[in-house]
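If you use my numbering, the sequence shown closes out at 417, no skipped numbers anywhere.
Glycine residues also receive a C-beta, built at the ideal position from the N, C-alpha and C atoms.
All values derive from a computational prediction rather than experimental measurement.
Step one of this worksheet: look at the structure below.
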Amino acid sequence: MTKRRALISVYDKTKVLDFARSLVDNHNYEIISTGGTYELLKANDVPVLELSEITGFVELLGGKVKSLHPEVHAAILASRSHQDEMDELKKRNITPIDLVVVNLYPFAEASKDYNMEMSQLIKFIDIGGVTLLRGAAKNYFYVLPVYSPDLYESVLEELDKNVGDVSYEFRKELAINTFQYVSSYDSLIAEQFYVRTTDIELDSMPD
């Protein structure tokens, strides 16, 4: 079985340990990860590479910038059927990423606190995670976006059924649902900007 690569970087870590272990033990996946997810997997003896080992670039701005790197997105966006793109990855020693497991900062939950100032609420706006999911969903012919712990069981069932791969129909369904998920996330952010910034003062700048 060909070894595949999964990028796992989640805010909600529900069931992620069992999911990652199954990917490694039962489906021959190599895991790369970041931040708290990396620390959790490592502490629980799940084989994992830190993303900075792959990119050679450390996290910046207290973790605000982790996955926004050309090598990461090239590995996600490369078309496996375009030999020139695969040759370019090989030339740069980039291994394709086949599975992107990301869930976003809990902006919806944070926005329920109507006393929270906008300068604090914007800390719950996810940038890297949204970008990773959009890239995976765009390239759904070859990459599977997984945006919720609720999907882990069905993903593993698909991998079992398709000998380490997933069906086209399943890929397409998750791509559609991913774009809907990201769209809803962005729509709520726009709504909160409108509602909360009408009387914002310049002296309440974010930290």
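For residue i, the nearest candidate out of the options (CA to CA)
{"i": "glutamate 263", "options": "Thr305, Ile337, Glu319", "result": "Thr305"}
{"i": "serine 219", "options": "Glu327, Ser329, Ser243, Met328", "result": "Ser243"}
{"i": "leucine 287", "options": "Ser232, Lys348, Val256, Tyr315", "result": "Lys348"}
{"i": "glutamate 327", "options": "Leu233, Gln402, Pro355", "result": "Gln402"}
{"i": "lysine 300", "options": "Glu281, Val310, Val312", "result": "Glu281"}
{"i": "aspartate 297", "options": "Ala284, Glu383, Asp308", "result": "Ala284"}
{"i": "valine 310", "options": "Gln330, Tyr395, Ser393, Ala230", "result": "Ala230"}
{"i": "leucine 342", "options": "Tyr378, Ala385, Glu260", "result": "Ala385"}
{"i": "asparagine 236", "options": "Asp370, Ser291, Val353", "result": "Asp370"}
{"i": "valine 392", "options": "Gln330, Phe351, Val258, Ile335", "result": "Ile335"}
{"i": "serine 291", "options": "Tyr362, Lys333, Ile332, Phe351", "result": "Phe351"}
{"i": "leucine 233", "options": "Leu251, Ala400, Tyr221", "result": "Leu251"}
{"i": "leucine 217", "options": "Asp308, Ser289, Asn372", "result": "Asp308"}
Beta-bridge partners of residue i, as assigned by DSSP
{"i": "valine 260", "result": "Checking the sequence, you will find glutamate at residue 260 rather than valine. Paired residues: Ser243."}
{"i": "proline 355", "result": "Val310"}
Cα-Cα separation, residue i to residue j
{"i": "aspartate 228", "j": "arginine 214", "result": "18 Å"}
{"i": "valine 419", "j": "asparagine 325", "result": "Residue 419 lies beyond the stretch modelled for the chain, which goes from 211 to 417, so this question has no answer here."}
{"i": "glycine 374", "j": "asparagine 313", "result": "22 Å"}
{"i": "phenylalanine 389", "j": "threonine 265", "result": "27 Å"}
{"i": "glycine 245", "j": "valine 226", "result": "14 Å"}
{"i": "valine 340", "j": "leucine 398", "result": "14 Å"}
{"i": "glutamate 368", "j": "asparagine 254", "result": "25 Å"}
{"i": "serine 364", "j": "threonine 224", "result": "15 Å"}
{"i": "proline 355", "j": "alanine 320", "result": "24 Å"}
{"i": "alanine 318", "j": "aspartate 360", "result": "18 Å"}
{"i": "glutamate 240", "j": "lysine 382", "result": "23 Å"}
{"i": "leucine 366", "j": "glutamate 249", "result": "23 Å"}
{"i": "aspartate 396", "j": "tyrosine 362", "result": "24 Å"}
{"i": "tyrosine 357", "j": "valine 258", "result": "20 Å"}
{"i": "alanine 346", "j": "isoleucine 337", "result": "15 Å"}
{"i": "leucine 412", "j": "leucine 331", "result": "Caution is warranted here: a pLDDT of 46 is assigned to leucine 412, below 50, making its placement in the model unreliable, and no coordinate value can be reported."}
Residue i - containing beta strand (DSSP E), residue span
{"i": "alanine 216", "result": "214–220"}
First through last residue of the alpha helix (DSSP H) which encompasses residue i
{"i": "asparagine 236", "result": "226–237"}
{"i": "valine 373", "result": "Taken as a continuous stretch (DSSP letters only), valine 373 belongs to no alpha helix (DSSP H), as it is neither H nor E."}
Entirely enclosed alpha helix (DSSP H) segments - the stretch 284–350, minimum 4 residues: 293–301, 317–321, 328–331, 338–348
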